[in-house]
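Each step along the sequence shown adds one to the number in numbering that gives the first Met the number 0, with nothing skipped, and position 29 is 28.
Where is the CB? At the ideal position from N, CA and C, for every residue including glycine.
If you're wondering where the values come from, they're calculated on a predicted model, not measured in any experiment.
Below you'll find the structure, written out as structure tokens, and then a few comments.
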Amino acid sequence: MSNTGRKKKLASFNCDQKMWEQFIARCNSKGTTATATLLEFIDLYLGDSQDKLDAIGGNDLDERLDSKIKASVEKYLVASNKSHNSPTNETIRAICSRLDKLESEFLSEFNE
């Protein structure tokens, strides 16, 4: 007889079907299972390892976002400085618009 389930609690919860399918696919692509991944998240959460959890769950999202923002700002400022002596309000608005777009792209990537 197997020890599977002894001294363990079977947990179940409602989850959006598409989200669950994406989660299973990501687990499979990383060579793990949904159970192993969820248990790791729970262990990190209970161990107050929020920084570690953020890094795993977000794949260093902040660093990637910062890098993209910096590159975009530099791109717009260089382009602006070639045509003007200083950035204009129009350039600043363009930068803000691009940053909004980048943020949306990263959030949609993160939620996949």
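- Query: Could you give the distance in angstroms between the alpha-carbon of residue 0 and the alpha-carbon of residue 42?
  - Reply: In the sequence shown, the residue the question calls residue 0 occupies position 1. In the sequence shown, the residue the question calls residue 42 occupies position 43. At residue 0, the pLDDT of 46 sits below 50, so the modelled position is not reliable and the matter cannot be decided from this model.
- Just reading off the alpha helix (DSSP H) that residue 42 is part of, what are its end residues? By one-based count along the sequence shown, residue 42 stands at place 43. Start and end: 33 to 45.
- If I'm right that residue 98 touches residue 71 with Cβ under 8 Å, what's the distance once you round it to whole angstroms? Looking up residue 98 in the sequence shown gives position 99. Looking up residue 71 in the sequence shown gives position 72. Right, the Cβ-Cβ distance comes to about 7 Å (below 8 Å), so this counts as a contact.
- Message: Distance check for residue 22 and residue 16, CA to CA, integer angstroms please.
- Response: Translated into positions along the sequence shown, residue 16 becomes position 17. Translated into positions along the sequence shown, residue 22 becomes position 23. Going from the Cα of residue 16 to the Cα of residue 22 covers about 10 Å.
- In three-state DSSP terms, what is residue 101? To locate residue 101, count along the sequence shown from 1; it is residue 102. Three-state result, residue 101: helix.
- Query: At which residues does the alpha helix (DSSP H) containing residue 12 begin and terminate?
  - Reply: Start at 1 with the first residue of the sequence shown, and residue 12 comes out as number 13. Counting along the chain, residue 12 falls outside any alpha helix (DSSP H), and DSSP gives it neither H nor E.
- Message: For residue 104, would you say it is in contact with chain C, using Cβ-to-Cβ distances shorter than 9 Å as the test?
- Response: Protein chains in the displayed structure number just one, and chain C is not present.
- Item | Inter-residue Cα distance where the pair is residue 89 and residue 74 | The sequence position of residue 89 within the sequence shown is 90, counting from 1. The sequence position of residue 74 within the sequence shown is 75, counting from 1. Answer to the nearest angstrom: the Cα atoms are 14 Å apart.
- Message: I'd like to check one pair, residue 67 with residue 37: are the Cβ atoms closer than 9 Å?
- Response: By one-based count along the sequence shown, residue 37 stands at place 38. By one-based count along the sequence shown, residue 67 stands at place 68. Their beta carbons are not under 9 Å apart, which means residue 37 does not touch residue 67 by this criterion.
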